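A.B. asks:
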Amino acid sequence: MSYDYARAIQDVIEESIRPRAAEVDRAGAFPRANVGALADAGLLGLISAESAGGRGEGLGAAAHVVERLAGACGSTAMVLLMHYAATALIEAHGPKDVREAIAGDAHLGTLAFSEAGSRSHFWAPLGTAAASGDGGRVRLDADKSWVTSAGEADSYVWSSRPLAADGPMTLWLVPRDREGLSVLGAFDGLGLRGNASSPVKADGVLVDREDMLGPDGEGLDIALATALPHFLVLSAAFSLGLMEALTTEAAAHLTRTKLEHLGQTLADQPMQRARFAELRIRTDQVRAFLRDALAALAGGREDATLRVLEVKAVAAEAASEVADATMRLCGGAAFRKECGAERLFRDSLAARVMAPTTQALHDFVGRASLGMPLFEGAPG
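For what it's worth, the working numbering labels the leading residue of the sequence shown as 1358, then goes sequentially.
1. Mapping DSSP to helix, strand and coil, what is Ala1419?
2. Would you be able to state if there are at least three C-beta pairs under 8 Å between the stretch 1576-1584 and the stretch 1404-1422?
3. Where does Ile1638 fall in DSSP's three states?
4. Since Tyr1513 is in the alpha helix (DSSP H), which residue starts that stretch and which ends it?
5. Could you check how far apart the C-beta atoms of Ala1682 and Glu1635 are, in whole angstroms? I think they sit under 8 Å.
6. Put Glu1372 into one of helix, strand or coil per three-state DSSP.
7. Could you give the distance in angstroms between the alpha-carbon of Val1381 and the alpha-carbon of Gly1493?
8. Within 10 Å of its beta-carbon, does Asp1523 have 16 or more other beta-carbons around it, so buried, or fewer, so exposed?
9. For Trp1480 and Val1722, I'd like the C-alpha separation in whole angstroms.
10. Three-state secondary structure (DSSP) at Ser1677?
11. Excluding five sequence neighbours on each side, which residues of the same chain lie with their C-beta closer than 7 Å to the C-beta of Gly1461?
12. To the nearest angstrom, report how far apart Leu1651 and Ala1442 are at their CA atoms.
13. Tell me, which residues are paired with Asp1500 by DSSP?
14. Within a Cβ cutoff of 6 Å, which residues of the same chain sit near Phe1470, ignoring the five residues on either side of it in sequence?
15. I need the straight-line Cα distance from Val1643 to Leu1666, nearest angstrom please.
16. In this structure, what does DSSP give as the bridge partners for Trp1529?
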């Protein structure tokens, strides 16, 4: 019997995620219980290979799960999004025991790319890897600026400058309990308040050479082929989930709120209907774009790379527009926390500033469309 991931995520949302969402946001607490519920439902191993014991589903399934989750609890959705991005890379280059742990829903991963010195330019790590003289081990030193699930994930897919080879980047699998790793303060953000996105410092962290993910110096190519497409497409799905939830809130407000002196609901007003239609159309445009990006990847189309670079920028900007329009359409009611719209509004602002930012993606799209190299400024 095939795994019904759509039913699984719906059940988890109704039983576990949605009832906790407001408290996760209020307290800014990492949603450990939610991650546990996702694991119990088999969703941490969703895209792990069947040969490793996973569900063997593809990016389309992950996009559906992240979309549905984002509309219920953005913090939990972002944690799972980063886990799937890390999983894609670990599946391609990670050790068997970690692959099997993820497939068995017993291991949470995340990405540790962005650094304080190069900020959103994730392709230009300043953190170093150097031979330690300790039995052939490698010393990692870095100041990571923002790591989702910092101190909570079981492992980090970690970027550094190469150990010895040429190239811009080398990747490592770093367990969270490695001596020398420290999380520099709790996350207290405007939105996604439970996603534990904090700076992480590596001060003489020792890893084995076998912890290298792929060849030395080839980390950027590996990330571009695995983690980045998952991150960009799933970020678009995340934004779409918020847009659907915002549109649902707007529709509920228009149909239940009455102008008693006219004997009409707000939905009876042509101007309000027209403003709502704009939300619906914008949301449907993003869904169509996301589906096309997934189809381009699945079919190996020539424009697949371009669609992947475009999709996060398209969805992130649209989500912020729909969120702002929903707040205007719902008026003062939207500012009340029990409505839920203001939490969705705050969560919607994150995607466009998460690396690669909308500005960076626009530059990538321009470069790709004009036949120019995608990156400049990566150390060699």
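Built from N, CA and C at the ideal position, the CB exists for glycine as well.
None of these values were measured; they are calculated from a predicted model.
C.D. replies: Looking at the coordinates:
1. helix
2. no
3. helix
4. Element bounds for Tyr1513: not the alpha helix (DSSP H) but the beta strand (DSSP E), 1512-1517.
5. 7 Å
6. helix
7. 43 Å
8. exposed
9. 16 Å
10. helix
11. Gly1402, Gly1410
12. 15 Å
13. Lys1558
14. Phe1479, Ser1516
15. 14 Å
16. Trp1515, Met1569
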